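Worksheet for the structure shown next.
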Amino acid sequence: MTERLYYADSYLKEFDAEPVNLLEEGGKFWVQLDRTAFYPTSGGQMHDTGRLNDVRVTDVIEKEDVILHEVAEKITGTHLKGKIDWERRFDFMQQHTGFHLLAGAFLHQLRLETLSSHLGEDISTIDIGAASVSGTDIHRAEDLANQIIAENRPVRAAFADPKNLPELPLRKIPPVKTKIRLVEIQDFDLDPCGGTHVRHTGEVQLVKIVRWEKVRGYLRLYFYAGQRAVRHYRNLWGLTRDLNLELSAGEDEILARVRDFKSVLKVQKKEIQQLKEFWIDLEAKRLTDTAWEKGLDFCLHLYEGIDPADARQVAQKIVRETNLSAAIFIKSEKSWRLILAHPEKDTIDFRDWLDDIRVIRPVKGGGRPSWVEVLGEGSPEEVLKRVTAKFNENG
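The sequence shown begins at 467 in this note's numbering and counts up by one.
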């Protein structure tokens, strides 16, 4: 059994301990101590990191009553000095107390129970027992949580006897037979918890719910607390400032300006599509007329830098509306694309042509007898000549 020093003092940054057991499994090194201030991943809260002597502690897990510390290398010595990564520890203290504040706020304001939580490395979540809650009600709960933060109420932890639990104002009474640790936010929230917390709510600074979604019949809310919330606000402020400059608009004008741009863009997209369709009709007719003038039964053309989707539509229009085949090359700076197409009634299998093409250039792609599309690198000139010869051979 490991003595958990963080139960008594979440602010303990350094401690002395003796190794009880040293383990090596799957190339990983683990240390069991007689006492520790390192918090293991449990109860929705991530583990601490830090050092034992000069060796990095990368993970901390709990197995029954034993806490194991994963270390970066094999550790030696009968006396070890532990040092917690305080920035990470305090961050999770802010998140964990922030979660209790939100859970209490949803219970007080909306009579909604908390089902679970996860305090992540980047963002935290709280799941509440409702399929849907209005944005207004969510903000009411958030406001209450921040009010309790502003009041700087004490946060205390203590162990309680199971027989006394029914008399306490717990959010939910756990089914336990041994003493259990309770965390209390004065006159606001009382709940079983083995995690690390701040001493006063003011240290949480701020909680901010940033989004929510329905998950399997309940509501999951994503939130930041403490410095995470401050950084989130700072990032939003930076984004807003950049939008102010980019759009030449004040903060209260940004949304209207974006909507105006979207409206114009919608019209322009429609006009561009109409122009594309007009160009595809003209281009298919031009290539067809050129082939007929030359007495050819195929259209062949090399484009530079056009959208492959437009080239496909030109090829489709040619084979659909005439008896001609089509060979469309699209050349870019370092590569090229070839589209081969013919009417379904033709007996040519373009897949058989790929072996000849691969002799000249390695290509990727394939297709069906009447439609092949391949990609190659370098110049397409030799391939263009070979495709022309293949058409003439089959003409």
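Note that beta-carbon positions come from the ideal geometry of N, C-alpha and C, so glycine has one too. Since the model is a prediction, treat every value here as computed from it, not as a measurement.
Across the set 805, 834 and 811, the C-alpha of 805 shows the shortest separation from the C-alpha of residue 853. In the DSSP assignment, residue 614 falls within the unbroken alpha helix (DSSP H) covering 601 to 616. Residue state for residue 688 is assigned as strand, using DSSP reduced to three classes. Between the alpha carbons of residue 550 and residue 482 lies a distance of about 12 Å. Spanning the alpha carbons of residue 797 and residue 769 requires a straight line of approximately 6 Å. Residue 759 has its alpha-carbon roughly 31 Å from the corresponding atom of residue 844. When the Cα atoms are used, residue 793 and residue 836 turn out to be separated by approximately 12 Å. As summarised for the segment 759 to 794, the continuous beta strand (DSSP E) elements at least 3 residues long and confined to that stretch are 764 to 770, given in chain order. Shown here, residue 511 sits in a strand according to DSSP, grouped into three states.
Counting the other Cβ atoms within 10 Å of the Cβ of residue 612 gives 16 or more, which makes it buried. In this structure, the straight-line span from the alpha carbon of residue 509 to that of residue 707 is close to 39 Å. Here the alpha carbon of residue 640 sits roughly 57 Å from the alpha carbon of residue 714. Within its own chain, the residues whose Cβ lies closer than 6 Å to the Cβ of residue 582, once the five positions on either side in sequence are excluded, are 593, listed in chain order.
Residue 733 sits in a helix when the DSSP states are folded into three classes. Spanning the alpha carbons of residue 486 and residue 644 requires a straight line of approximately 25 Å. Out of 539, 821 and 547, the CA that lies nearest to the CA of residue 493 is found in 539. A straight line joining the alpha-carbon of residue 574 with that of residue 734 spans about 51 Å.
Non-local C-beta neighbours of residue 513 in its own chain, meaning closer than 8 Å and more than five positions away in sequence, comprise 504, 505, 506, 507, 525, 526 and 527, ordered along the chain.
Cβ neighbours of residue 683 within its own chain (closer than 8 Å, five residues either side excluded): 597. Burial of residue 564 is indicated by the presence of at least 16 other C-beta atoms within 10 angstroms of its C-beta. Looking from the CA of residue 623, the closest CA among 586, 629 and 664 belongs to 664. In this structure, residue 648 places its C-beta atom within 9 Å of the C-beta atom of residue 658.
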